[in-house]
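Which chain is which? The protein sequence lines are G and P, in order.
Residue numbers for the first sequence follow the working numbering, beginning at 1 and rising by one.
Residue numbers for the second sequence follow the working numbering, beginning at 158 and rising by one.
Just so it is clear, CB atoms sit at the ideal spot from N, CA and C, and this is done for glycine as well.
Everything below concerns the one structure shown next.
2 protein chains.
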Amino acid sequence: MAIRTDEKLSASLEDYLEAIYHLTVRQDVARSKDIANSMGVTRASVTGALRALSEKGLVHYKPYGYTTLTEKGRQAAGRVARRHEILAQFFGALLGVDAATAETAACKAEHALGPEITARLMAFVEFLSQTQDDGKDVAQQFQAYWETLNESKYPSG
Amino acid sequence: MAIRTDEKLSASLEDYLEAIYHLTVRQDVARSKDIANSMGVTRASVTGALRALSEKGLVHYKPYGYTTLTEKGRQAAGRVARRHEILAQFFGALLGVDAATAETAACKAEHALGPEITARLMAFVEFLSQTQDDGKDVAQQFQAYWETLNESKYPSG
DNA sequence: TAATATAGTTAGTTTGCCCTAACTTTGCAA
DNA sequence: TTGCAAAGTTAGGGCAAACTAACTATATTA
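Below, the structure written as structure tokens:
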């Protein structure tokens with residue numbers, strides 16, 4: 001039996017993949033130091049992760065060389081990044097939480113969503129932003145609803 | 158300085174707490190064997206988790222005795238269970254994914270949501286189920302939207 | 001009540017992921 | 001072109017959470 005290189009990724013490896021993805025968009029190549037910085041880990045941790053991702057066929061990795069994504073890696077990273085974006089949009093634009101909170105939660109929750117839910121959530125966000133009522137979209141309506149909830153809780157504030 | 162017993166729980170410990178919560182509702186007391194069964198881990202793993210939860214003041218634990226939640230534990234478990242329920246409802250009733258998928262995703266995603274997002278998501282679910290349009294609620298409308306998306310993808314099926 | 005099955009614990013191992021400290025490689029500047 | 005700083009790696013350790021195997025306590029029932 002051949003070595004399986006397509007097992008499910010851990011949350012941690014998904015995070016590395018996503019970081020590499022963003023870096024390669026900006027600067028073509030991902031350097032250990034930049035990955036470490038963007039994730040808040042040490043360079044030593046990055047080396048370990050790169051080895052793991054390389055074994056799974058997701059990155060082109062040579063010690064002391066530049067790191068790039070393989071085609072398979074690009075696809076996997078794209079899926080993760082898309083989940084992240086959808087969630088951040090849902091939390092931020094629709095629920096109305098502040099940007100930092102939305103980002104943090106999206107980063108943690110993205111690992112829990114499979115393709116089924118991802119697809120539907122994406123469609124749902126789109127659906128809501130298209131739907132208008134009284135000239136207001138659903139996000140605005142919910143915002144108003146949320147305000148009234150809080151007013152009834154803190155009537156004077 | 159006193160020992161801190163209110164540090165943030167790991168995803169794993171939150172899961173144990175939630176399992177204990179559900180068991181004590183059903184049968185007043187949580188037995189290691191039942192916790193192990195409901196979580197798909199061995200009894201030995203449960204012992205370790207109970208010790209950890211006990212150290213944090215979340216469960217009443219005595220070796221070979223029955224386990225119950227402390228008041229603090231009940232509150233923490235309730236928060237987790239509520240997040241779980243809200244997510245499952247959102248994934249299932251609104252997005253329209255099947256029950257098993259909704260459950261699995263809720264169980265994984267619940268650990269990523271803080272109080273801010275939890276509160277707003279709960280309100281959002283409520284808001285949508287209250288809002289009616291054309292005599293149809295938003296879930297139904299989205300369902301129709303989703304169908305048309307899939308039809309345009311697979312026109313003959 | 002003594003034998004045995006079931007539940008629970010302990011000890012020791014594994015895996016994943018992070019760290020620090022020390023080492024190697026690379027690239028740039030004098 | 002040598003020589004140093006920055007980047008990268010290796011070695012070794014810690015912690016959390018799971019496992020197996022072996023042991024202890026409790027409960028059942030003959």
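Please report the distance separating the alpha-carbon of G:Gly92 from that of P:Gly249.
22 angstroms
Closer than 8 angstroms, CB to CB, is P:Gly230 near chain G or not?
no
Taking only the alpha-carbon atoms, compute the straight-line gap between G:Glu116 and G:Arg83 and give it to the nearest angstrom.
11 angstroms
Distance, Cα to Cα, G:Ala106 vs P:Glu228?
31 angstroms
Using the rule of at least 16 other Cβ atoms within 10 Å of the residue's Cβ for burial, across every protein chain shown, is G:Lys56 buried or exposed?
buried
In three-state terms, what does DSSP make of G:Ala42?
With the sequence shown as reference, residue 42 of chain G is identified as Thr, and Ala is not the correct amino acid for it. Three-state result, G:Thr42: coil.
Backbone CA spacing between P:Gln297 and G:Thr47 [nearest angstrom]:
49 angstroms
Run through DSSP, which three-state label would P:Thr204 get?
helix
Beta-carbon within less than 7 angstroms of G:Ile3's beta-carbon, same chain only, minus the 5 sequence neighbours each way: which residues are those?
Confidence is the limiting factor: at G:Ile3 the pLDDT is only 48, short of 50, which leaves the residue's position unreliable, though a coordinate-based value still follows. Excluding positions up to five away in sequence, the list is empty.
Exposure of P:Gly271, with buried meaning 16 or more beta-carbon neighbours within 10 Å
exposed
Need the endpoints of the alpha helix (DSSP H) that P:Phe284 sits in, please.
272 to 287
Please decide whether G:Tyr145 counts as near chain P, where near means a Cβ-Cβ distance under 8 angstroms.
yes
Distance between G:Thr148 and G:Gln89 (C-alpha atoms, nearest Å)
23 angstroms
Roughly how many angstroms separate the alpha carbons of G:Ala19 and G:Ile35, rounded to a whole number?
6 angstroms
List the residues of chain P that G:Val97 touches, going by C-beta distances under 8 angstroms, in chain order.
Glu273, Ile274, Arg277
Which of the three DSSP states is assigned to G:Val29 in this structure?
coil
Under 8 angstroms between C-beta atoms, does G:Ala123 make it to chain P?
yes
In chain order, what residues of the same chain lie with their CB nearer than 8 angstroms to the CB of P:Arg188, ignoring the 5 residues before and after it?
Leu180, Tyr223, Thr224
With 8 angstroms as the threshold, decide whether the Cβ of P:Lys265 is near any Cβ in chain G.
yes
Please state if the CB of G:Phe127 and the CB of P:Phe281 are separated by a distance shorter than 8 angstroms.
no
Own chain, CB closer than 7 angstroms to P:Asp172, minus 5 neighbours either side, in chain order:
Met196
If we count the other Cβ atoms within 10 Å of its Cβ and call it buried at 16 or more, is G:Val29 buried or exposed?
exposed
Would you mind reading off the limits of the alpha helix (DSSP H) that contains P:His241?
228 to 246
Reference G:Val59; option with closest CA among G:Lys33, G:Ala112, G:Leu17, G:Ala99
G:Leu17
Alpha-carbon spacing of G:Val25 relative to G:Gln132, whole angstroms:
35 angstroms
Give a yes or no on whether the minimum CB-CB distance between P:Ala257 and chain G is below 8 angstroms.
no
CB contact below 8 angstroms: G:Leu149 versus chain P:
yes
Cα-Cα, which of P:Tyr311, P:Arg277, P:Leu252, P:Met279 is closest to P:Val295?
P:Leu252
Go through its chain and collect everything with a Cβ distance to P:Leu170's Cβ below 7 angstroms, but skip five positions before and after it.
Ala206, Ala209, Leu210
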